[in-house]
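Engineer:
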Ligand SMILES: Cc1cc2nc3c(=O)[nH]c(=O)nc-3n(C[C@H](O)[C@H](O)[C@H](O)COP(=O)(O)OP(=O)(O)OC[C@H]3O[C@@H](n4cnc5c(N)ncnc54)[C@H](O)[C@@H]3O)c2cc1C
Ligand SMILES: Cc1cc2nc3c(=O)[nH]c(=O)nc-3n(C[C@H](O)[C@H](O)[C@H](O)COP(=O)(O)OP(=O)(O)OC[C@H]3O[C@@H](n4cnc5c(N)ncnc54)[C@H](O)[C@@H]3O)c2cc1C
Ligand SMILES: Cc1cc2nc3c(=O)[nH]c(=O)nc-3n(C[C@H](O)[C@H](O)[C@H](O)COP(=O)(O)O)c2cc1C
Ligand SMILES: Cc1cc2nc3c(=O)[nH]c(=O)nc-3n(C[C@H](O)[C@H](O)[C@H](O)COP(=O)(O)O)c2cc1C
Ligand code: FES
Ligand code: FES
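Chains as they are written, first to last, in this note's numbering: chain A, 420 to 711; chain B, 420 to 711; chain C, 4 to 313; chain D, 4 to 313.
1) Rounding to the nearest angstrom, what Cα-Cα distance links residue 459 of chain B and residue 131 of chain D in this structure?
2) Given this structure, state the Cα-to-Cα distance separating residue 111 of chain C from residue 153 of chain C, to the nearest angstrom.
3) Any beta carbon from chain A within less than 8 Å of residue 200 of chain C's own beta carbon?
4) Which residues, taken in chain order from the segment 239-268 of chain C, show a beta carbon closer than 7 Å to some beta carbon of chain B?
5) On the CB-based measure, 16 or more other CB atoms within 10 Å of its CB, does residue 513 of chain A come out buried or exposed?
6) Can you list every residue whose CB sits closer than 7 Å to some heavy atom of ligand 6, going in chain order?
7) Could you tell me whether the segment 163-181 of chain D touches the segment 194-204 of chain D, where touching means 3 or more Cβ pairs closer than 8 Å?
8) Using DSSP with H/G/I as helix, E/B as strand and the rest coil, what is residue 511 of chain A?
9) Determine the chain C residues that contact residue 474 of chain A at a beta-carbon separation under 9 Å, and present them in chain order.
10) Does DSSP put residue 51 of chain D in a helix, in a strand, or in coil?
11) Counting only beta-carbon separations shorter than 8 Å, does residue 179 of chain C have a partner in chain D?
12) For the beta strand (DSSP E) that residue 159 of chain C lies in, which residues bound it at each end?
13) What number of angstroms, rounded off, separates the C-alpha of residue 103 of chain D from the C-alpha of residue 41 of chain D?
14) With DSSP run on the structure shown, which of helix, strand or coil describes residue 217 of chain D?
15) Buried or exposed: where does residue 34 of chain C fall if 16 or more other Cβ atoms within 10 Å of its Cβ makes it buried?
16) Please state whether the Cβ-Cβ distance between residue 440 of chain A and residue 579 of chain A is less than 8 Å.
17) Give the C-beta separation of residue 566 of chain B and residue 594 of chain B to the nearest angstrom, bearing in mind that I take them to be a contact with Cβ-Cβ under 8 Å.
18) Should residue 641 of chain B go down as buried or exposed, given a rule of 16 or more other Cβ atoms within 10 Å for buried?
19) For residue 584 of chain A, which three-state DSSP category applies?
20) Is there contact between the segment 202-209 of chain D and the segment 48-55 of chain D, where contact requires at least three CB pairs shorter than 8 Å?
21) In the structure shown, what three-state DSSP assignment does residue 259 of chain D receive?
22) Classify residue 74 of chain C: buried if its beta carbon has 16 or more other beta carbons within 10 angstroms, exposed otherwise.
23) Confirm, please, whether the CB-CB distance from residue 462 of chain A to residue 477 of chain A is below 8 Å.
24) Could you pull the start and end residues of the alpha helix (DSSP H) that residue 171 of chain D belongs to?
25) Got a sec, what are the start and stop residues for the beta strand (DSSP E) residue 447 of chain B sits in?
26) Inspect the beta-carbon positions of residue 475 of chain A and residue 231 of chain C and report whether they are closer than 8 Å.
27) Could you give the distance in angstroms between the alpha-carbon of residue 431 of chain A and the alpha-carbon of residue 471 of chain B?
28) What residue does the alpha helix (DSSP H) around residue 611 of chain B start on, and which one ends it?
29) I think residue 191 of chain D touches residue 245 of chain D, with their Cβ atoms under 8 Å apart; what is that distance to the nearest whole Å?
30) Is there a Cβ from chain D that is less than 8 Å from the Cβ of residue 235 of chain C?
31) Mind listing the chain C neighbours of residue 719 of chain A? Cutoff is C-beta to C-beta under 7 Å, in chain order.
32) Could you tell me if the beta carbon of residue 497 of chain B falls within a distance shorter than 7 Å of some heavy atom in ligand 2?
33) For the beta strand (DSSP E) holding residue 597 of chain B, just list the boundary residues, first then last.
34) Consult DSSP for residue 251 of chain D and reduce its assignment to one of helix, strand or coil.
35) Using a 10 Å radius around the Cβ and a threshold of 16 neighbouring Cβ atoms, would you call residue 129 of chain D buried or exposed?
36) Residue 550 of chain B and residue 497 of chain B look like a contact to me (Cβ under 8 Å); what is the Cβ gap, rounded to whole Å?
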């Protein structure tokens, strides 16, 4: 399934707060249905550029949820304002237009593709990394794939996007367990504490772990899974200029030497395809400690 | 009277259409009262820079009207959208903020300063050049200086700012005469036709002409006045980066050689201080023919 | 009888060193991977190919992995890159990439770089021998390992390189100039003297930035090359100087984002224009620039150009 | 006992070639006319002077009217200028401007340029003899009329000029480098070798633009110099290279708009930073940059710097 060629302009239909993050929706008339893990390159049609000439390049953003629209599909994006690009997305108003290219990159695969007899999936998300897991979780629910969801965040401010994991009734789905560093919700500590407990139990061995979050968290997930011989797929981040293989800017080192282009070879990578440094290759773009 | 040192941020209180132009108002809490002919360097506080990195420098804009505000003064600016800077001003919304530096430059002088027995003033404005004449005219009215006002424009679209010449009752002041190229209002033709007729009459000799408009119009005014030996003050334009004498970009040739810095030596210049080319020095920034 | 449409097509077409191109907009080397783009966008890429010729990423004699990340950094109205020329090397390119690039609906220009004349010669001979290749671009922003000098910074090095390479192929040789010199026109004239068929400019400006979070250079390589609208005025001036000093055609590039920008480059003397960084913002930018250029109908062009903008 | 405030003042102060400055932010030559600014803003300018030293516009031996307009043109995140060094000439400067500049509350650095060593010598001797002058900046982006070469583009020309000028004054000599070279560090090293006390960089990049309305060069002079944020990455790289190659202090400039930008320049090796184009957007930019720099408390600075940012 290829992406429509070129960028296209989509209308903003909604922009709402979600804890300290924002969720905004675009109406993509042409859009193919994106798969969980895929992303788009986004830039606002107007005023993409502040007083100092940035943002200049488009920004890679994972699709967090999608649904039918009058024409085409609705795309929801979860945004944490960390710089001029995401700040601009945060202030988008309904009716404004956004240039999009995508859907880009590969997608998470089904547990059964990995193990014909996989018991199910464990989703581990941290901070803004919960975005691609929301779409993944809904698909698993709809297709009856057994799964558990572990979400971690630093504090209430950084707990945005939780409603993407809610049932129609608005309550957090029963399969979701939370961890927070400040203890305001769920386990006080890291989400990887929850994962460690689960992996220590017998039943997890034949599952597949799906994770997205800050690099140190991904590295903790990768090494936990490696120690327990559990397969894991990690949705990584790296600096991207183009998103379609043109710039070679998104390089992620491979354990055997050389580099992946994360935009076309990822963003979803099997744990054993990356080394410890790779899972943490974009450390500069995120907090360096385990905070989510 | 010097300008407050540095730029300051002022709130937009209003922005309304005026034919094809816009008039927007700023509340300047610190502001000294500007004098007619003076200008400000303006840049919006947010989003001063489109997708291609322009506008970058602030823009010189004449003050068109001013009045008391709760604190300080209200400043009205008349804008014709001709590029990224003026387009941005056109879309300003109440509550937004604008960086201003000023008031800058010199001002028109009183007719009596020139001729102790001057009979009065003739104001000749074209297109967006009507802006500084509006403030000048009100001052003359209030101080009882006899004056006539001749305003010219290409067509209805380019006839913005006329309401700045209205009495409290909203009717165009009796001393205003219009010319339009398409004949939709007043004399069909150039405003300089009206000026030529007046200057041909005896009573104008001891008056002073005040003019602002596109360079070819200013040049026509200058040469008409020279031919009739009538003193004239022209408010010129030139490309400006700073507005306070720092960049030397606003050079206007002097007939005796060398250059004026229009931002500090002008923008108001006596007709005999500039040569024919000087009045037309910023031709690149405006239409090259006599259209207003 | 030719239709109005055909006549429009033909007056819009441009001859570049004997290669007939449908319009004057090509890509800048290293800023478009047509093979990856086809994987992403499917055959729609070929049906609506944005460029009138495709310029490959620079290839080197041996495979290269490229630089360690971080490789890119955004700057005011531009970006830095220190990609480090990752490529499969000559053999890998000929075996794996060339057959795929030959499927593109436009002529192919292959960009090559080496750090010595013998290796450069090997590249030019091998690439020039392939009929899929319409022309070769020589990326001379590289050191000569013997002299230690950057070839493209020295007119004498440039001319000597051309003297060595010119006899090896009948295909057009395009010299890609580096902008990091006082007098690019002197280097261009030396290239012409040595038998270059065309020049292309500008390559990226040597530049760097610091990560505000660490106070360290933002790029792992320490520095990189600046591209995008920020460099456009530098490109236009170098192009003016180069086209005044040479008779051969020039491919102008550096921050071209739209048709109005392309008009400036043509006014400065370019025969073709290349779109680089702007493709990152808009994968179809080349086609858009071509369409905008076509409808720009500039009032006047300072330089005579071999294409009819009407 | 010194108060906390005084201690803060003193740790913030910086010694530059023996001149004590209250903070590390000065102006870039030719981007601030303190005399005109005082006419516009009154004595408020002096009470709150934005720079810790004032650098004059470049003066030449004889008066110059400057270039015909159009002299400036806006570009993406920057601007072009071709002002053409209008100034009153040495005599006019000493008689009319120097007494007024001496009233500024900060040390005065006078920028000078000439097209031959004897005229340069006349400027340095005459300006250096005035006690109002703390230091002299040599603008070497000028041709040597004898050799025809741009002095600042050649290490040998630069060193020869320094050899000629160094004996003529005991005042600090700052060499303002041109960025239009392949190897600015070589020119800086030559300047140091010739006895320069400091270098300053970058001057503007050679550049041009075309007026979309006419298809002609936008500036009457055909080309000009690019400044502003667009050039910042080029300035940072040249500064890194120059400060690695020399021991003398550097004044870094090129697109500095705020404290974060200034931190990058200090990380790249600058002792002082200069604000140029940004003053056009904000006449008090120098003071703002100084205040922001002071509160920036960068996590780490790559280069040791002679000022305490705490
Ligand atoms: C596949 C993928 C999916 C993503 N999904 C999401 C998502 O769903 N939601 C979301 O909020 N984010 C997402 N991101 C992250 C987002 O694209 C980046 O954080 C992006 O850089 C933000 O742009 P910005 O302008 O807001 O911040 P930037 O200015 O780009 O700052 C972000 C980080 O970049 C670095 N930086 C600082 N200055 C510069 C500079 N001048 N140039 C370049 N880098 C600089 C710093 O390390 C900083 O912390 C995703 C990224 C990828 C690759
Ligand atoms: C003292 C003074 C008072 C003024 N008062 C008013 C006023 O009251 N109302 C009003 O509307 N205007 C006024 N102006 C004019 C206004 O400042 C200029 O027209 C300004 O350049 C508009 O900015 P812009 O970005 O909208 O258009 P610009 O992009 O600056 O375009 C305006 C003109 O500049 C040229 N231009 C085109 N591209 C560029 C480029 N890249 N860089 C530089 N120039 C370019 C062209 O000739 C174009 O026609 C005044 C000017 C002066 C000097
Ligand atoms: C990410 C990136 C990679 C590049 N790789 C190459 C390359 O392999 N060979 C080359 O000759 N130029 C390379 N360039 C330079 C471009 O071809 C072009 O000369 C330059 O970017 C200026 O054009 P632009 O501003 O339109 O991008 C690269 C530029 C970028 C931004
Ligand atoms: C309008 C203008 C005039 C300048 N005049 C001079 C000058 O007289 N002498 C000089 O050495 N540099 C001059 N410069 C260069 C600046 O001092 C500075 O090196 C350059 O602009 C880069 O800094 P910036 O990007 O902060 O402006 C001038 C720059 C501008 C924009
Ligand atoms: S982001 Fe450009 S190649 Fe991956
Ligand atoms: S606008 Fe800068 S000196 Fe007049």
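Beta carbons: idealized from backbone N, C-alpha and C, even for Gly.
Structural biologist: For this structure:
1) 39 Å
2) 27 Å
3) no
4) 260
5) exposed
6) B/659, B/660, B/661, B/662, B/663, B/664, B/665, B/666, B/667, B/668, B/669, B/680, B/681, B/682, B/683, D/283
7) yes
8) coil
9) 77
10) coil
11) no
12) That residue, residue 159 of chain C, is in no beta strand (DSSP E); its alpha helix (DSSP H) goes 158-168.
13) 10 Å
14) coil
15) buried
16) yes
17) 6 Å between Cβ atoms; contact.
18) buried
19) helix
20) no
21) coil
22) buried
23) yes
24) Careful: residue 171 of chain D lies outside any alpha helix (DSSP H) and carries neither H nor E.
25) Where residue 447 of chain B is concerned, the enclosing beta strand (DSSP E) stretches over 440-447.
26) yes
27) 22 Å
28) 610-619
29) 4 Å
30) For residue 235 of chain C, the answer is yes, since a Cβ of chain D falls inside 8 Å of its Cβ.
31) There is simply no residue 719 of chain A to check, as chain A begins at 420 and stops at 711 in what is shown.
32) yes
33) Counting along the chain, the beta strand (DSSP E) containing residue 597 of chain B begins and ends at 595-599.
34) coil
35) With 16 or more Cβ atoms within 10 Å of its Cβ, residue 129 of chain D is classed as buried.
36) 4 Å
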